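Asker: Can you read through this structure? Questions will come right after.
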Amino acid sequence: MTHPRARRRLVAVASCFAVSGAALAVLPSVATAATTSPSLTAQALTAAAPAAAASSDPVGEAELLTDPFLQAPTADGASVVWFTEFAGSRHAVLTGAGVADLSAEQLAAAAAGTSFPGVTRFTPETTQLSQVGEDYQSNIPADVKPAQEAGIVDRDVWRHEAVVSGLAPGTEAPYRVVSLDGEALAGSGTFTVKPAAQAGDDLDILLTSDHQAMVNTPANLQQAAATIGDIDAVFLAGDLVNIPDRASEWFDDTRGSGFFPVLQGNGGRVSTGGVEYVGGEIIQNAPLYPAVGNHEVQGRRAGATTLGGSFNAPVPREVAETAYDAVAADVNPSGDPAVREQWIVDNSFSTATYEEVFSLPDGSPGGETYYATTVGDVRLVSLYSTRIWRGTTATPDPAARTGSSRYQEARTTLETPLAQGYGEHIFEAIDSSSDQYAWLQDELASDEFANARYQVVMLHEGPQGLGDNVMPQFADPERIEERDDAGNLVGVRYDYPATENELLYDLQPLLEDAGVDLVHNGHSHLWNRFVADNGVTNFLETSNTGNSYGAYHPLSGRSRPVPPAPWNAENYWAQDNPGGLEPIVPNVAPYANAEGTPLPFVQDNNLAVFTKFNTGTGAITTYSFDLRTPDVAPKVIDTFTVGDPAPEEPGEPVTVTTGSAASVSGIVSGTGTGTGTATVLRTSFQKEVTARAKGRTWTAFGTGNVYVTASDSATRRDQWRRTVTAGAYATRSCTRPTEAEARTCAEEYAASSAERIAAANLAAYDASLDDRAATLAAADARYLAQRRASTVRIPSASWERAHAQAEAHGLYKIRIAAYGP
32 MTHPRARRRL
42 VAVASCFAVS
52 GAALAVLPSV
62 ATAATTSPSL
72 TAQALTAAAP
82 AAAASSDPVG
92 EAELLTDPFL
102 QAPTADGASV
112 VWFTEFAGSR
122 HAVLTGAGVA
132 DLSAEQLAAA
142 AAGTSFPGVT
152 RFTPETTQLS
162 QVGEDYQSNI
172 PADVKPAQEA
182 GIVDRDVWRH
192 EAVVSGLAPG
202 TEAPYRVVSL
212 DGEALAGSGT
222 FTVKPAAQAG
232 DDLDILLTSD
242 HQAMVNTPAN
252 LQQAAATIGD
262 IDAVFLAGDL
272 VNIPDRASEW
282 FDDTRGSGFF
292 PVLQGNGGRV
302 STGGVEYVGG
312 EIIQNAPLYP
322 AVGNHEVQGR
332 RAGATTLGGS
342 FNAPVPREVA
352 ETAYDAVAAD
362 VNPSGDPAVR
372 EQWIVDNSFS
382 TATYEEVFSL
392 PDGSPGGETY
402 YATTVGDVRL
412 VSLYSTRIWR
422 GTTATPDPAA
432 RTGSSRYQEA
442 RTTLETPLAQ
452 GYGEHIFEAI
462 DSSSDQYAWL
472 QDELASDEFA
482 NARYQVVMLH
492 EGPQGLGDNV
502 MPQFADPERI
512 EERDDAGNLV
522 GVRYDYPATE
532 NELLYDLQPL
542 LEDAGVDLVH
552 NGHSHLWNRF
562 VADNGVTNFL
572 ETSNTGNSYG
582 AYHPLSGRSR
592 PVPPAPWNAE
602 NYWAQDNPGG
612 LEPIVPNVAP
622 YANAEGTPLP
632 FVQDNNLAVF
642 TKFNTGTGAI
652 TTYSFDLRTP
662 DVAPKVIDTF
672 TVGDPAPEEP
682 GEPVTVTTGS
692 AASVSGIVSG
702 TGTGTGTATV
712 LRTSFQKEVT
722 ARAKGRTWTA
732 FGTGNVYVTA
742 SDSATRRDQW
752 RRTVTAGAYA
762 TRSCTRPTEA
772 EARTCAEEYA
782 ASSAERIAAA
792 NLAAYDASLD
802 DRAATLAAAD
812 ARYLAQRRAS
822 TVRIPSASWE
832 RAHAQAEAHG
842 LYKIRIAAYG
852 P
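Under this note's numbering, think of the first position of the sequence shown as 32, with each following residue one higher.
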């Protein structure tokens with residue numbers, strides 16, 4: 032049956048609508064006489080009320096729209112956030128050992144300022160969501176659902192956020208939230224808040240994505256919570272809901288699989304296996320870190336009559352800006368910048384609701400849409416990597432194009448720029464010329480990133496994958512205007528050049544160069560995994576929560592639709608991974624096809640997967656279960672390890688001496704467990720140019736060889752790696768019409784890279800002659816310049832001995848590849 036709290040919320044939903052131009056039935060408000068008075072003392076209230084049993088169930092006559100959830104942990108606390116459908120007369124977060132025992136009457140008194148033993152009160156800031164509403168397609172009770180002719184009806188939702196403070200590292204505290212609507216109380220059950228995780232904490236992090244109110248999402252999250260146990264954080268790689276401005280998808284969708292209910296154990300939906308699941312009680316006690324998916328981006332609201340129609344009608348911002356210029360004198364005669372911005376947003380697209388729902392770091396040029404934060408030993412980078420999804424219709428004859436798709440414009444919209452779709456346009460650029468890319472370069476070069484034991488990048492659309500949604504290429508649509516002999520515009524179609532894939536040729540090399548451990552993405556609703564050529568960076572999609580869009584691989588029996596001529600067939604892959612890496616077969620218990628061949632994916636709608644990242648061991652473990660056999664526990668199908676082993680206790684100083692004998696190329700990294708100095712000897716740089724074909728793209732590598740004598744001198748994690756790193760690969764992709772032109776570009780870049788890196792290493796050498804501080808500063812500068820694994824010459828006769836010594840004293844990563852003397 033539906034969770035009882037979900038049923039209670041349906042009764043209250045009607046009072047939160049503001050209707051313009053249409054009548055909407057409103058149920059009577061739920062309120063009773065006050066049961067407490069602020070003048071009563073805490074002692075009197077304690078004596079009068081029986082002790083309440085600690086419970087996660089809510090109390091009171093009024094209703095919270097959600098349980099509280101945790102955001103933005105700090106050194107001594109975290110933000111506690113919750114939603115109501117009333118502005119309220121008073122709100123509070125109560126923490127401390129005494130909160131679980133407070134009765135409803137005592138909760139109201141505590142919120143009003145009455146002191147109770149073992150209870151601390153925090154007052155929240157209250158804001159109202161600006162964009163949310165409902166329409167006739169919303170899954171809400173019929174008696175409050177807007178009529179179709181009413182269009183989009185605003186819905187009043189208030190957000191409350193209090194920053195809990197005063198907690199010691201490594202401790203936790205019970206907490207509850209209280210909201211009063213006049214004299215009617217809405218109080219939460221008791222949950223747990225902790226300060227930010229510390230380096231060395233053993234965390235279990237849930238990796239998930241693409242919830243979208245799907246039928247099996249409650250089952251997936253309920254099984255994940257039961258299997259993992261206490262979840263310490265959630266990394267959610269986008270597509271939280273389907274239509275972000277539809278309030279019910281976040282809060283109280285009557286299907287029982289809304290976003291907050293299923294992450295708080297308050298849902299209630301029957302799975303495709305015939306069993307009802309409520310989700311998991313997770314984010315009341317663990318911080319949630321999301322990424323923007325395409326379903327967090329609302330399209331044009333101007334002129335829209337349904338939320339679904341608005342969602343599917345975004346246009347690029349520059350198109351809206353051009354359209355604004357044509358009407359500015361009429362819509363904004365005073366030239367107010369705020370009016371201009373709102374008009375452009377209303378006529379392009381917006382992530383306003385996503386940004387208003389969550390409290391995320393906002394220091395990037397994209398505000399909360401891309402950010403970086405530290406979660407214990409993990410440096411998490413969340414990127415804004417997505418675009419509008421459109422259908423696959425591709426009609427060669429322009430006159431026969433009746434609808435817009437990723438490949439074409441409807442012939443009826445050619446004269447109306449705001450009515451066109453502009454293909455699968457990218458919402459936020461991530462190519463090497465973009466603000467997001469520049470910000471990411473700085474983040475990957477930061478101490479926070481370099482010193483983290485694990486580096487994780489989360490994004491919705493990733494560079495590797497077997498799913499349907501990896502096509503078309505992640506490139507700006509190439510607009511091709513088709514004209515008749517008289518020069519009249521008769522059609523518009525879009526191609527997606529494979530060589531312009533921003534994720535594959537701009538983002539992925541940057542992430543690999545930085546040694547990112549895990550790239551966690553979603554979007555295609557399946558499980559697949561890949562390992563980069565550097566042997567370090569893992570690409571994981573674990574988005575099949577029990578609803579798959581399929582894998583497109585020779586073993587799957589599926590093929591992606593490929594547009595016919597005149598579209599360029601070289602840009603489109605019917606099967607396999609356009610990113611080029613081979614998919615990894617699950618290494619514990621893979622599923623197999625009818626012939627018994629193990630499958631490198633999970634795509635069955637009867638199967639659901641979820642993944643746990645344990646930061647104590649670095650193990651990333653994927654579980655799967657069959658919805659048709661609910662009594663069978665989830666099983667492990669795949670596990671792999673990322674990052675560096677945990678730091679060891681400090682040991683004796685160790686010196687690794689290098690020379691000029693046989694050569695070894697690799698990375699030598701350590702934990703910084705000893706003491707001493709680091710000296711960088713003069714660099715011997717040699718340029719090497721390698722051109723690698725990828726379609727018409729060629730990549731140049733400049734490599735540097737460095738002689739290094741170093742002893743472990745670090746006082747913080749990862750300094751050993753940065754002290755001994757010397758030399759580099761500098762990479763760049765050159766796309767040119769011919770192979771010869773591409774190779775010339777590549778060679779020129781390699782030559783300039785050689786000069787730049789050689790200069791950086793010589794500067795590091797000069798600085799290293801001064802003192803320890805200058806040496807470490809030079810190592811930092813050199814690391815920023817190089818951005819790639821080092822090449823170090825080590826005498827072959829002493830290599831094994833040096834290796835053993837370093838490992839005994841805290842060396843935590845060695846990757847070597849021998850080449851000639």
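In this text, a Cβ means the ideal position worked out from N, Cα and C, and glycines have one as well.
This one's a predicted model, so the numbers in the text were calculated from it and none came from an experiment.
#1: Would you call the region 181-198 and the region 149-160 in contact, with 3 or more CB pairs under 8 angstroms?
#2: Determine, using beta carbons only, whether G299 and G311 come nearer to each other than 8 angstroms.
#3: Bridge partners for Y525 per DSSP, in chain order?
#4: DSSP three-state label for R558, please.
#5: Under the assumption that H551 contacts V487 (Cβ atoms under 8 angstroms), give the Cβ distance between them as a whole number of angstroms.
#6: How would you call E572, buried or exposed, if buried means at least 16 neighbouring beta carbons within 10 angstroms?
#7: Starting from the C-beta of G339, find all residues in its chain whose C-beta is less than 8 angstroms away, skip the five residues before and the five after it, and write them out in chain order.
#8: Just the Cα atoms here: how many angstroms apart are T151 and L125?
#9: Would you mind reading off the limits of the beta strand (DSSP E) that contains V124?
#10: Under a three-way DSSP split, which group does I236 fall into?
#11: Counting C-beta neighbours from all protein chains within 10 Å, is the total for R659 16 or more, i.e. buried, or is it exposed?
#12: Quick check on V619: does DSSP put it in helix, strand or coil?
#13: Near A351, which residues of its chain fall below 7 angstroms by C-beta distance, leaving aside the five closest residues on each side in sequence?
#14: Name the residue from V633, N602, A650 and D564 whose alpha carbon lies nearest to the alpha carbon of A584.
#15: Could you say if the region 236-254 and the region 634-643 meet the contact criterion of at least three C-beta pairs nearer than 8 angstroms?
#16: Would you kindly check if the distance between the Cβ of E459 and the Cβ of Y415 is under 8 angstroms?
#17: G452 bridges to which residues according to DSSP?
#18: Tell me whether I259 sits in a helix, a strand or coil according to DSSP, three-state version.
#19: State buried or exposed for G91, treating a residue as buried only when at least 16 other CB atoms are found within 10 Å of its CB.
#20: How should G407 be labelled, buried or exposed, when 16 other C-beta atoms within 10 angstroms of its C-beta is the threshold for buried?
#21: Among residues of its own chain, excluding the 5 on either side of S435, which ones have a beta-carbon nearer than 8 angstroms to its beta-carbon?
#22: Buried or exposed for V619, going by 16 or more other Cβ atoms inside 10 Å?
#23: Based on the DSSP output, what are the partners of Y402 in its beta bridges?
#24: With 16 other CB atoms within 10 Å as the buried threshold, where does V567 fall?
#25: Considering D473, what are the terminal residues of the alpha helix (DSSP H) in which it resides?
#26: Can you tell which of G127, S196 and P172 has its C-alpha closest to the C-alpha of D155?
#27: With a CB to CB cut of under 7 angstroms and the five nearest residues on each side skipped, what residues in its chain are close to S579?
#28: Here's the rule: buried if 16 or more other CB atoms are within 10 angstroms of the residue's CB, otherwise exposed. What is G231?
#29: So, at 6 angstroms on beta carbons, what are the nonlocal neighbours of V50 in its own chain, with the 5 sequence-adjacent residues on each side left out?
#30: By Cβ distance, which residues of its chain are closer than 6 angstroms to G522, with the 5 residues on each side in sequence left out?
#31: Pick helix, strand or coil for D478, following the three-state DSSP scheme.
#32: Mind checking which residues open and close the beta strand (DSSP E) that includes F656?
#33: Assign H326 to one of three DSSP states: helix, strand, or coil.
#34: Which residue spans inside the region 284-319 form an unbroken beta strand (DSSP E) run of at least 3?
Answerer: Short version:
#1: With the cut-off at 8 angstroms, the region 181-198 and the region 149-160 touch.
#2: It is not a contact, given that the beta carbons lie outside the stated cut-off.
#3: The partner list for Y525 (beta bridge, DSSP) reads R510.
#4: The identity of residue 558 in the sequence shown is Trp, whereas the question assumes Arg. Here W558 sits in strand by DSSP.
#5: Confirmed, Cβ separation roughly 6 angstroms.
#6: Answer is buried; the Cβ neighbour count reaches 16.
#7: Around G339: D166, Q168 and I274.
#8: Rounded to whole angstroms, T151 and L125 show a C-alpha spacing of 6 angstroms.
#9: R121 to T126 is the span of the beta strand (DSSP E), which, as asked, contains V124.
#10: DSSP places I236 in strand when its eight states are reduced to three.
#11: Sixteen is the threshold: since fewer than 16 other Cβ atoms of the shown chains lie within 10 Å of the Cβ of R659, the residue is exposed.
#12: For V619, the three-state secondary structure derived from DSSP is coil.
#13: Correct list, in chain order: I375, N378 and S379.
#14: Here the sequence assigns His to residue 584, which means Ala is not the residue at that position. It is V633.
#15: Result yes; three or more Cβ-Cβ pairs closer than 8 angstroms.
#16: For Y415 and E459, yes; Cβs fall inside 8 angstroms.
#17: Partner residues in a beta bridge of G452, as assigned by DSSP, do not exist.
#18: In this structure, I259 counts as helix in the three-state DSSP scheme.
#19: With 16 or more other Cβ atoms within 10 Å, it is buried.
#20: By the neighbour-count rule (16 or more Cβ atoms within 10 Å), G407 is buried.
#21: Cβ within range, chain order: R421, A441, T444, Q451 and G452.
#22: Around the Cβ of V619, a 10 Å sphere holds fewer than 16 other Cβ atoms; the residue is exposed.
#23: Paired residue(s): S413.
#24: V567 counts as buried, since no fewer than 16 other beta carbons sit within 10 angstroms of its beta carbon.
#25: If you look at D473, you'll find it in the alpha helix (DSSP H) that goes D466 to L475.
#26: Correcting the residue type first, residue 155 is Pro in the shown sequence and not Asp. With distances taken between Cα atoms, P155 lies closest to S196.
#27: Taking C-beta separations shorter than 7 angstroms and ignoring five residues to either side along the sequence, the partners of S579 in its chain run H556, L557, Q634, D635 and N636, following chain order.
#28: Exposed, by the Cβ-count rule.
#29: Note that V50 has pLDDT 33, beneath the 50 cutoff, so the model's placement of it is unreliable and the number below is only indicative. Setting aside the 5 residues that flank it on each side, V50 is surrounded in the same chain by V184, each with a C-beta closer than 6 angstroms to its C-beta; the list follows chain order.
#30: Once the five neighbours on either side are set aside, the close Cβ partners of G522 are P429 and E513.
#31: Here D478 sits in helix by DSSP.
#32: Unbroken beta strand (DSSP E) run through F656: A650 to D657.
#33: DSSP places H326 within a helical segment (H, G or I) once states are collapsed to three.
#34: Positions of the beta strand (DSSP E) runs, each at least 3 residues long and wholly inside the region 284-319, cannot be given because no such run exists.
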